[in-house]
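A quick write-up on the structure given underneath.
Protein chains: 2
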Amino acid sequence: MIKKAAIGCLLWGLVLPMLSYSKTLLTAHSDGMKYRAEQVADGLAIPWGMVFINDSQVLITERSGALKRLNLLNGKVDTISGVAAVFSEGQGGLLDIALAPDHQKTGWIYFTYSKPIQERGVTALARAKLENDRLTDWQDLLVTQSSSDTTRHFGSRIAFDNEGHLFFTVGDRGVRPNGQDLTTHAGSVLRLNLDGMVPKDNPFVKQQAVLPEIWSYGHRNPQGLSYDLKNKRLWLIEHGPRGGDELNLIDAGKNYGWPVISYGKEYWGPLSVGEATSKEGMEQPIKYYDPSIAPGSLLFYTGDAFPNWQGDLFAGALKLQHLNHIKLNSAGEAVGEERLLGDLNERIRSLTQSPEGWVYLSTDSGKIIRLMPEE
Amino acid sequence: MIKKAAIGCLLWGLVLPMLSYSKTLLTAHSDGMKYRAEQVADGLAIPWGMVFINDSQVLITERSGALKRLNLLNGKVDTISGVAAVFSEGQGGLLDIALAPDHQKTGWIYFTYSKPIQERGVTALARAKLENDRLTDWQDLLVTQSSSDTTRHFGSRIAFDNEGHLFFTVGDRGVRPNGQDLTTHAGSVLRLNLDGMVPKDNPFVKQQAVLPEIWSYGHRNPQGLSYDLKNKRLWLIEHGPRGGDELNLIDAGKNYGWPVISYGKEYWGPLSVGEATSKEGMEQPIKYYDPSIAPGSLLFYTGDAFPNWQGDLFAGALKLQHLNHIKLNSAGEAVGEERLLGDLNERIRSLTQSPEGWVYLSTDSGKIIRLMPEE
Chain F
1 MIKKAAIGCL LWGLVLPMLS YSKTLLTAHS DGMKYRAEQV ADGLAIPWGM VFINDSQVLI
61 TERSGALKRL NLLNGKVDTI SGVAAVFSEG QGGLLDIALA PDHQKTGWIY FTYSKPIQER
121 GVTALARAKL ENDRLTDWQD LLVTQSSSDT TRHFGSRIAF DNEGHLFFTV GDRGVRPNGQ
181 DLTTHAGSVL RLNLDGMVPK DNPFVKQQAV LPEIWSYGHR NPQGLSYDLK NKRLWLIEHG
241 PRGGDELNLI DAGKNYGWPV ISYGKEYWGP LSVGEATSKE GMEQPIKYYD PSIAPGSLLF
301 YTGDAFPNWQ GDLFAGALKL QHLNHIKLNS AGEAVGEERL LGDLNERIRS LTQSPEGWVY
361 LSTDSGKIIR LMPEE
Chain D
1 MIKKAAIGCL LWGLVLPMLS YSKTLLTAHS DGMKYRAEQV ADGLAIPWGM VFINDSQVLI
61 TERSGALKRL NLLNGKVDTI SGVAAVFSEG QGGLLDIALA PDHQKTGWIY FTYSKPIQER
121 GVTALARAKL ENDRLTDWQD LLVTQSSSDT TRHFGSRIAF DNEGHLFFTV GDRGVRPNGQ
181 DLTTHAGSVL RLNLDGMVPK DNPFVKQQAV LPEIWSYGHR NPQGLSYDLK NKRLWLIEHG
241 PRGGDELNLI DAGKNYGWPV ISYGKEYWGP LSVGEATSKE GMEQPIKYYD PSIAPGSLLF
301 YTGDAFPNWQ GDLFAGALKL QHLNHIKLNS AGEAVGEERL LGDLNERIRS LTQSPEGWVY
361 LSTDSGKIIR LMPEE
């Protein structure tokens with residue numbers, strides 16, 4: 001026993017100095033729990049998406065097109081090769097990353113990115129496998145019909161329902177009529193089987209003038225998507241125009257109204273966007289933000305580390321530089337809102353939950369920060 | 001015995017008048033064989049593609065978007081519902097039709113068409129099943145990246161290699177640089193597995209800036225495609241500019257030169273198109289046509305009805321209004337050419353071979369005509 005304890009102490013003696021690459025930024029309270037915000041990496045270039053591939057390693061997409069792997073045991077970042085060519089102009093580039101629900105068995109990692117097609121970017125969904133320091137077996141599963149001459153509003157976040165489907169978002173590509181145009185993937189949430197095929201029960205598969213991948217439409221630029229497995233709810237947050245960011249609960253075949261209805265105003269003056277704020281046949285948001293916060297991500301929290309956050313949503317705010325905490329009740333109503341980490345003055349881009357239930361976030365300044373319970 | 005003969009006579013007495021819907025247009029000779037051209041249907045609207053689904057029934061696509069079924073026992077034509085919405089402007093519409101090699105087992109019928117996307121047409125590949133008078137299970141397998149603001153050069157013909165792959169063609173969409181642009185499907189032959197997935201041995205799957213469906217490129221508007229199963233040769237015929245139609249033998253990853261090399265001239269004057277007629281790294285056609293014939297189809301003939309035609313190619317000529325017969329030798333060289341049916345003064349659009357080895361063709365005037373051996 002004494003021997004084992006001695007070895008344990010020796011190991012901790014080795015491990016603790018290795019952990020010293022991290023630094024505490026602040027401590028604060030939320031929902032009666034104390035948390036610590038700790039920086040674990042720096043120097044990344046617009047880290048857009050993150051996913052844990054095991055207890056200690058995070059894959060991070062950089063919008064420029066690079067894929068990085070952060071080792072949380074020593075803070076080292078290395079580069080993974082084999083990413084497809086990306087269109088990295090404006091809001092385009094390498095976007096989200098997510099693990100297949102059956103990743104343990106299949107090895108598939110999913111990506112969204114803006115693919116260069118005729119010198120424009122179009123939102124695409126792909127998957128690949130990680131083999132040491134490189135991606136293999138890259139497959140484009142859907143290169144969407146969403147070409148536009150702007151470099152704006154590609155979306156794009158991925159979520160899984162763990163029932164064999166994935167969802168991903170495509171922004172309106174800076175062309176407002178796309179929101180209501182079902183002959184384009186722009187302005188929509190798409191639903192596919194994990195192999196990229198169209199599920200037979202998608203809402204528009206029988207309507208032959210409609211692209212069959214469409215699950216919901218009338219979206220402007222959804223950059224947050226997270227699935228509540230327990231209640232089978234798909235949550236989405238989207239950039240609206242000025243004063244019109246929306247949190248939406250997504251149902252099959254529904255029209256979320258953009259650009260016909262919106263709570264937003266035109267950027268150039270006091271005029272409202274669209275016809276009204278509501279209309280028959282179009283869905284209302286669960287919550288909207290005026291002024292806009294510019295949400296770049298959405299996380300449905302399920303971890304044990306912060307029990308009082310279970311079943312709540314978090315959104316990273318780019319423009320209003322904070323972590324938005326949305327308190328949900330069991331009916332799926334937004335009953336409260338809290339703004340965390342405002343003191344960091346950081347554009348918060350992506351969010352993920354670690355295996356132990358800590359919340360990891362990335363900033364446009366290139367940092368990876370985690371929220372851990374503070375004893 | 002007498003009784004049986006009597007019944008036989010009675011049946012012929014019933015059947016013969018039913019066959020009288022057909023009419024002989026001409027008889028002539030080719031390769032030492034006498035043939036008869038017989039009209040079996042009329043009144044179709046630009047019949048673009050044809051396929052036999054059994055010994056007596058032909059499915060016929062009309063460019064406008066309708067699918068028809070011709071019953072050769074009585075000459076009746078009925079309409080099949082369930083075709084997807086098509087973009088039927090200019091050269092766009094419902095295009096080719098082909099039976100899966102495993103159609104007996106799976107029921108799949110493949111289609112190419114121009115799909116309406118944001119008020120433009122893009123070439124798409126789909127499949128569906130026939131159930132009585134309607135198509136079911138319509139699946140878009142690939143909506144190509146080939147949007148342009150023209151209504152020209154969609155392609156598109158389908159061929160199978162019977163080894164689990166299909167090929168289909170996409171024209172340059174009236175945008176010449178597309179021929180050499182591997183970030184667009186326009187101006188290419190594409191190769192897919194029968195379920196629409198990209199075969200792992202496609203030539204460009206490892207080149208991540210290239211669309212992985214591409215099998216060959218540098219094409220202008222290929223509207224004829226036929227696979228020689230015995231010699232494993234993929235034959236293609238394409239509309240060139242004035243004086244530049246080309247018959248090409250297609251190999252994986254090859255560049256067929258459009259618009260850099262061409263035998264054609266600009267429509268508006270004597271200027272050659274492109275840099276030259278040949279260039280290092282670009283393929284030469286097996287044959288070119290000056291003046292252009294405007295080939296709308298290609299058939300590799302394998303039937304028993306005309307033994308001397310076995311292993312030859314036929315192309316329907318739209319502009320020069322004839323059936324082009326290309327004599328091939330066993331090395332795949334074009335050793336002779338014959339122009340049939342010129343007296344009909346018909347734009348010949350599509351070609352197919354019937355189970356008994358007769359050659360069926362359609363005309364833009366709406367007729368279905370067959371070539372049968374004349375005793």
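From first to last, the protein sequence lines are chains F and D.
First residue of the first sequence: 1, per the UniProt record's numbering; consecutive thereafter.
First residue of the second sequence: 1, per the UniProt record's numbering; consecutive thereafter.
We put the CB at the ideal spot given by N, CA and C, even for glycine.
Three-state secondary structure (DSSP) of residue i
i	result
F:H185	coil
D:W258	coil
D:Q104	helix
F:N193	strand
D:R176	helix
F:G43	coil
F:L72	coil
D:P199	coil
D:W48	strand
D:W309	helix
D:D55	coil
D:Y263	coil
D:L344	helix
F:Y21	helix
F:N221	strand
D:F160	strand
D:A37	strand
F:Q353	strand
Contact with chain D by residue i, beta-carbon distance below 8 angstroms
i	result
F:I117	yes
F:D364	no
F:A209	yes
F:P212	yes
Under 8 angstroms between C-beta atoms of residue i and residue j
i	j	result
D:F87	D:S114	yes
F:W219	F:R191	Reading off the sequence, residue 219 of chain F comes out as His, not Trp. No, these two residues do not count as a Cβ contact at 8 angstroms.
F:W108	F:R349	no
F:G296	F:Q321	no
F:A124	F:T112	yes
F:Y21	F:N54	no
D:G93	D:L141	no
F:V189	F:P241	no
D:L211	D:Q145	yes
F:G311	F:L299	no
F:K367	F:D42	yes
D:L59	D:L72	no
D:Y227	D:A331	no
F:H325	F:E338	yes
Residues near residue i by beta carbon distance below 7 angstroms, same chain, minus five either side
i	result
D:K319	S292, I293, A294
F:E119	none
F:G174	S148, T150, R152, H153
F:T106	A100
F:P203	W215, A252, G253
F:Q91	T151, R152, H153, F154
Short CB-CB distance (under 8 angstroms) between residue i and chain F
i	result
D:S147	yes
D:P199	no
D:A84	yes
D:W215	no
D:V143	yes
D:T183	yes
Cut-off 8 angstroms between Cβ atoms - residues of its own chain near residue i, not counting five sequence neighbours on either side
i	result
D:T27	K34, Y35, R36, A37, E374
F:T363	P47, L344, E346, R347, I348, R349, I369
D:K23	E38, Q39
F:Q139	A126, R127, A128, G196
Residue i at chain B interface by Cβ criterion, 8 angstroms
i	result
F:W138	As a matter of chain content, chain B is missing from the structure shown, whose protein chains are F and D.
Residues near residue i by beta carbon distance below 6 angstroms, same chain, minus five either side
i	result
F:F306	M33
(message) With a threshold of 8 angstroms, are at least 3 pairs of Cβ atoms found where one atom belongs to the region 201-218 of chain F and the other to the region 249-257 of chain F?
(response) yes
(message) Across the region 230-238 of chain D and the region 267-278 of chain D, are there enough close Cβ pairs to call them in contact, namely three or more that are closer than 8 angstroms?
(response) no
(message) Closer than 8 angstroms is the cut-off here; do at least three beta carbon pairs connect the region 40-47 of chain D with the region 347-366 of chain D?
(response) yes
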